[in-house]
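Novice: In my numbering, the protein residues as written are 669 to 814.
Here a beta-carbon is modelled for each residue, glycine too, at the ideal position from N, C-alpha and C.
None of the values given here were measured: they were computed from a predicted structure.
The structure follows.
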Amino acid sequence: MSGSKISGGDDLARALATLRGKIGAPINAAIRKGLRPMLAAQKRNAPVDEGDLKRSLTIRSDTRAPKTRPRFVVGPSKAYSGADGDRPVKYAHVVEFGTADGSEAGTRFASRAFEETADEAVKILGDEIGNEIEKAAARKIKRANR
Numbered sequence: 669m670s671g672s673k674i675s676g677g678d679d680l681a682r683a684l685a686t687l688r689g690k691i692g693a694p695i696n697a698a699i700r701k702g703l704r705p706m707l708a709a710q711k712r713n714a715p716v717d718e719g720d721l722k723r724s725l726t727i728r729s730d731t732r733a734p735k736t737r738p739r740f741v742v743g744p745s746k747a748y749s750g751a752d753g754d755r756p757v758k759y760a761h762v763v764e765f766g767t768a769d770g771s772e773a774g775t776r777f778a779s780r781a782f783e784e785t786a787d788e789a790v791k792i793l794g795d796e797i798g799n800e801i802e803k804a805a806a807r808k809i810k811r812a813n814r
């Protein structure tokens, strides 16, 4: 019995090898798209009287995560400062969980946003990850053909 041969395998392997170093950007883009509904839900759930908190909410990279396993945080921007110098990143946890002594109750605005949108975020990520990888591959091919 003679074996069959599939042509183009070497070209595909080379293309995938060159893409390996570039795969992080499309995955990060897909993750950010998946987290957008969660960000919108946090902004809806944030207490109205905490205007600076609501304005500071963003999707950001967790700088403590290793580059090989990036993480993203939906929460207050570390750089945001209100007109009066208010820095929501310093007190968002109190708004979320309340105080340890119980003198201030938490609103669970972020927890509720996660519960409301987690399934949607995973679906968007699944839908977008292929698109983002295809875009990155197309850019790579276009650059290679110049």
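Excluding the five sequence neighbours on either side, which residues of its own chain have a C-beta within less than 6 Å of the C-beta of R728, listed in chain order?
Specialist: Stepping through the sequence shown from its first residue, residue 728 is reached at position 60. For R728, where only same-chain residues beyond five positions count, the Cβ hits under 6 Å are V741.
Novice: Is DSSP giving R780 helix, strand or coil here?
Specialist: Taking the sequence shown and counting its residues from 1, the one referred to as residue 780 is at position 112. The answer is helix: DSSP assigns R780 an H, G or I state.
Novice: Could you tell me which residues DSSP puts in a beta bridge with R728?
Specialist: Start at 1 with the first residue of the sequence shown, and residue 728 comes out as number 60. DSSP, once it has assigned bridges, lists V741 as partnering R728.
Novice: Check the DSSP bridge columns for A806 and list the partner residues they point to.
Specialist: Along the sequence shown, read from residue 1 onward, the residue named residue 806 stands at position 138. Bridge partners of A806: none, in fact.
Novice: Output yes or no for whether 8 Å exceeds the beta carbon distance between V763 and F777.
Specialist: Your numbering for residue 763 matches position 95 in the sequence shown. Your numbering for residue 777 matches position 109 in the sequence shown. A contact, by the Cβ cut-off of 8 Å.
Novice: Using three-state DSSP, classify M669 as helix, strand or coil.
Specialist: Residue mapping note: residue 669 aligns to position 1 of the sequence shown, counting from 1. Note that M669 has pLDDT 45, beneath the 50 cutoff, so the model's placement of it is unreliable and the number below is only indicative. In the three-state DSSP reduction, M669 falls in the coil class, being neither helix nor strand.
Novice: Short of 8 Å in beta carbon distance, which residues of its chain neighbour G774, apart from the five on each side in sequence? Order them along the chain.
Specialist: For the purposes of this step, residue 774 is taken as the residue at position 106 of the sequence shown. Within the same chain, G774 has close Cβ partners V762, V763, E764, F765, G766.
Novice: Compute the Euclidean distance between the alpha carbons of D787 and L703, then round it to the nearest angstrom.
Specialist: Position 119 of the sequence shown, counting from 1, holds the residue named residue 787. Position 35 of the sequence shown, counting from 1, holds the residue named residue 703. If you take the alpha carbons of D787 and L703, they lie about 11 Å apart.
Novice: Alpha carbons only, please: which of K735, S771, D720 is nearest the one belonging to S749?
Specialist: Start at 1 with the first residue of the sequence shown, and residue 749 comes out as number 81. Measuring from the Cα of S749, the nearest candidate turns out to be D720.
Novice: Candidates E802, R780, I792: which alpha carbon is nearest R700's?
Specialist: Mapped onto the sequence shown, residue 700 falls at position 32. Of the candidates E802, R780, I792, the one whose C-alpha sits nearest the C-alpha of R700 is I792.
Novice: So for A773, helix, strand or coil by DSSP?
Specialist: For the purposes of this step, residue 773 is taken as the residue at position 105 of the sequence shown. It is a strand residue.
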